[in-house]
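Everything on this sheet refers to the single structure shown next.
Numbering (the numbering used here), first residue to last: 22 to 296.
Right, here's the structure in full:
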């Protein structure tokens, strides 16, 4: 390696101040004279085996929003640099996304978790897939939601499709696979199917898909809701209240076995607060 004399490099005395550009030019001149590229210099400094450069390594990598981030931003702004960065990121992207999505699903599972006893008539009346579940997903699972939004988007730009509700349902379906305690979508949807005459076989099939609770859990839930409703009516009956009734008649199709059609009649009693 050729050794440059003091006259060739013309370094200033240590006490002499010079501009940043002048310092950079002098450093580059030294590297050229030593036949060392700038990247080789950086690689050697950042090499973990070089303990003599440990101070520089700590300073260079300590601040996640420091000079290293600025260097990556400048490289990404260049067309060639962006291509190199994206090529380097590709094998690491899947691992990073899996880690992020796993963390998001843990958060959503925790916030949407509950038991049958936590489902009340009041919570069912206030339930809405977009306001209740959507707010949790938008705040706690933005990356998962963004990936699903892109997956369901159509290629036709002139067709505007609101896919937020479908993505919310898909995420809750996935969360239920993480934990059977995630009941805040499965419960209202199961009650919707049951009140509209869905058979136990349909409910069990959708339960296997993660969209519903099992039929046995449904019967327990109905008993819990009935108990809570009776307790609520009992409390109202001890104070000022109004009672009215309505005669009803409806038909029920038995989908188990004989496919029989039943006609049911009865009287529904309603009780409410007296204002």
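Just so it is clear, CB atoms sit at the ideal spot from N, CA and C, and this is done for glycine as well.
For clarity, every value in this text was computed on a predicted model and none was experimentally measured.
Item	Value
Buried versus exposed, by CB contacts within 10 Å (16 or more), residue 124	exposed
Range of the contiguous alpha helix (DSSP H) that encloses residue 108	100-132
Residue 203 (DSSP reduced to helix, strand or coil)	strand
Touch test, the segment 189-208 against the segment 134-153, Cβ-Cβ under 8 Å, three pairs minimum	yes
Residue span of the alpha helix (DSSP H) that contains residue 167, given as start and end	163-173
Beta-carbon contacts of residue 96 that lie in its chain and below 8 Å, excluding the five residues immediately before and after	102, 103, 105, 106
Limits of the unbroken alpha helix (DSSP H) element including residue 223	221-229
CB of residue 156 within 8 Å of CB of residue 245, strictly	no
Cβ neighbours of residue 191 in the same chain (closer than 8 Å, five flanking residues each side left out)	169
Outcome for residue 109 when other beta-carbon atoms lying within 10 angstroms are tallied against a minimum of 16	exposed
Pairwise C-alpha distance: residue 113 and residue 69	21 Å
Backbone secondary structure at residue 256 - three-state DSSP	helix
Endpoints, the alpha helix (DSSP H) within which residue 81 is located	75-82
Residue 39 burial status per 10 Å Cβ neighbour count (16 or more: buried)	exposed
Proximity to residue 135 [Cα-Cα], best of 59, 202, 56	202
Exposed unless 16 or more other CB atoms sit within 10 angstroms - verdict on residue 26	Note that residue 26 scores a pLDDT of 45, beneath 50, so its modelled location is shaky; the value from the coordinates is reported in the next line. Exposed, by the Cβ-count rule.
Neighbour-count burial assignment, residue 126, 16 or more Cβ in a 10 Å radius	buried
Per-residue burial, residue 204 [other beta carbons within 10 Å of its own, 16 or more giving buried]	buried
Buried versus exposed call for residue 41 [16 or more other C-beta atoms within 10 Å across all chains shown]	exposed
Cut-off 7 Å between Cβ atoms - residues of its own chain near residue 187, not counting five sequence neighbours on either side	173
Closer than 7 Å: residue 142 CB and nearest the ligand NAD heavy atom	In terms of ligand content, the structure shown is empty, and the ligand NAD therefore cannot be addressed.
Secondary structure of residue 233, DSSP reduced to three states	coil
Three-state secondary structure (DSSP) of residue 41	helix
Backbone CA spacing between residue 241 and residue 194 [nearest angstrom]	21 Å
For residue 56, the residue or residues it bridges with in DSSP	Bridge partners of residue 56: none, in fact.
From 83, 91, 231, residue whose alpha carbon lies closest to that of residue 197	231
Best match in 164, 99, 46, 78 for proximity to residue 18 [C-alpha to C-alpha]	Nothing can be reported for residue 18: it is not among the residues displayed for the chain, which extend from 22 to 296.
C-beta atoms of residue 225 and residue 213 nearer than 8 Å	no
Residue 161 to residue 133 span [Cα, whole Å]	11 Å
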